[in-house]
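If you use my numbering, the sequence shown corresponds to residues 821 to 983, in order.
Note sheet for the following structure.
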Amino acid sequence: MADKEKRKEYQLVVFTIGDEEFGVEISQVREIVRLIAITYLPKAPVFIEGVVNLRGQVVAVIDLAKRLNIPSKPRGNNTRIIIVEVAGMTMGMVVDSVSEVLRLSSENIEGVPSVIETEVEEHFISGVGKLQDRLLVLLDLEKILTLDEIQHVEKTVANQKTE
Numbered sequence: 821m822a823d824k825e826k827r828k829e830y831q832l833v834v835f836t837i838g839d840e841e842f843g844v845e846i847s848q849v850r851e852i853v854r855l856i857a858i859t860y861l862p863k864a865p866v867f868i869e870g871v872v873n874l875r876g877q878v879v880a881v882i883d884l885a886k887r888l889n890i891p892s893k894p895r896g897n898n899t900r901i902i903i904v905e906v907a908g909m910t911m912g913m914v915v916d917s918v919s920e921v922l923r924l925s926s927e928n929i930e931g932v933p934s935v936i937e938t939e940v941e942e943h944f945i946s947g948v949g950k951l952q953d954r955l956l957v958l959l960d961l962e963k964i965l966t967l968d969e970i971q972h973v974e975k976t977v978a979n980q981k982t983e
């Protein structure tokens, strides 16, 4: 019975960037939208694409491939923006495609191995999910942006609203 109490189940949104598959907890995801027009922001870090108007709310959008420093596929019909809540801020992440929502037991999630076959910087990864025939890199969204970057984005978005 103690084993059952320790076991936790996670519900994950699974998406791809390039040839890699990633997952984030669904509790952090507000919605998934098709790629819409992104307004460029001058002086923003290179991985911040700009902002979008999402039903009247100005939302900063990052190119997750650029942030993770991995190659992505050309944008097309499958490209999506995942709208997430991170550190009290709503932001969008451009990904190549969103494939599924799945449940994964904590017993199928391992910490970040010291030798991992991914090009993603280790501190962005919260764990690796083991599925039947594949591995899923679980991202720690709290570490995708530093505090300074979050403040910069919030300030830029606030300025965009007043213009």
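By construction, the Cβ of each residue, glycine as well, lies at the ideal position given by its N, Cα and C atoms.
For residue i, which three-state DSSP category applies?
i	result
Arg887	helix
Leu924	strand
Gly915	According to the sequence displayed, residue 915 carries Val and not Gly. Val915 falls in the strand class under three-state DSSP.
Ile973	The sequence given here has Val at residue 973, not Ile. Looking at Val973 - three-state DSSP - the assignment turns out to be helix.
Ser892	coil
Phe944	helix
Leu855	coil
On the DSSP bridge list, what partners appear for residue i?
i	result
Gln877	Leu874
Leu956	Gly949
With a CB to CB cut of under 8 Å and the five nearest residues on each side skipped, what residues in its chain are close to residue i?
i	result
Val866	Lys886
To which residues of the same chain is residue i closer than 7 Å at the C-beta, ignoring the five residues directly before and after it?
i	result
Leu922	Leu832, Val834
Output yes or no for whether 8 Å exceeds the beta carbon distance between residue i and residue j.
i	j	result
Phe944	Leu855	no
Met911	Val973	yes
Glu930	Val948	yes
Spatial neighbours of residue i within its chain, please: CB distance less than 6 Å, with the 5 preceding and 5 following residues excluded, ordered by chain position.
i	result
Val853	Ile901
Exercise for the section: Evaluate contact between the segment 915–932 and the segment 835–846, counting only Cβ atoms and requiring at least three cross-stretch pairs below 8 Å. Expected result: yes
Handout entry: Segment contact flag, the segment 896–906 with the segment 923–933, C-beta cutoff 8 Å, min 3 pairs
Key = no
Handout entry: Three-pair Cβ contact test at 8 Å for the segment 864–883 versus the segment 950–958
Key = no
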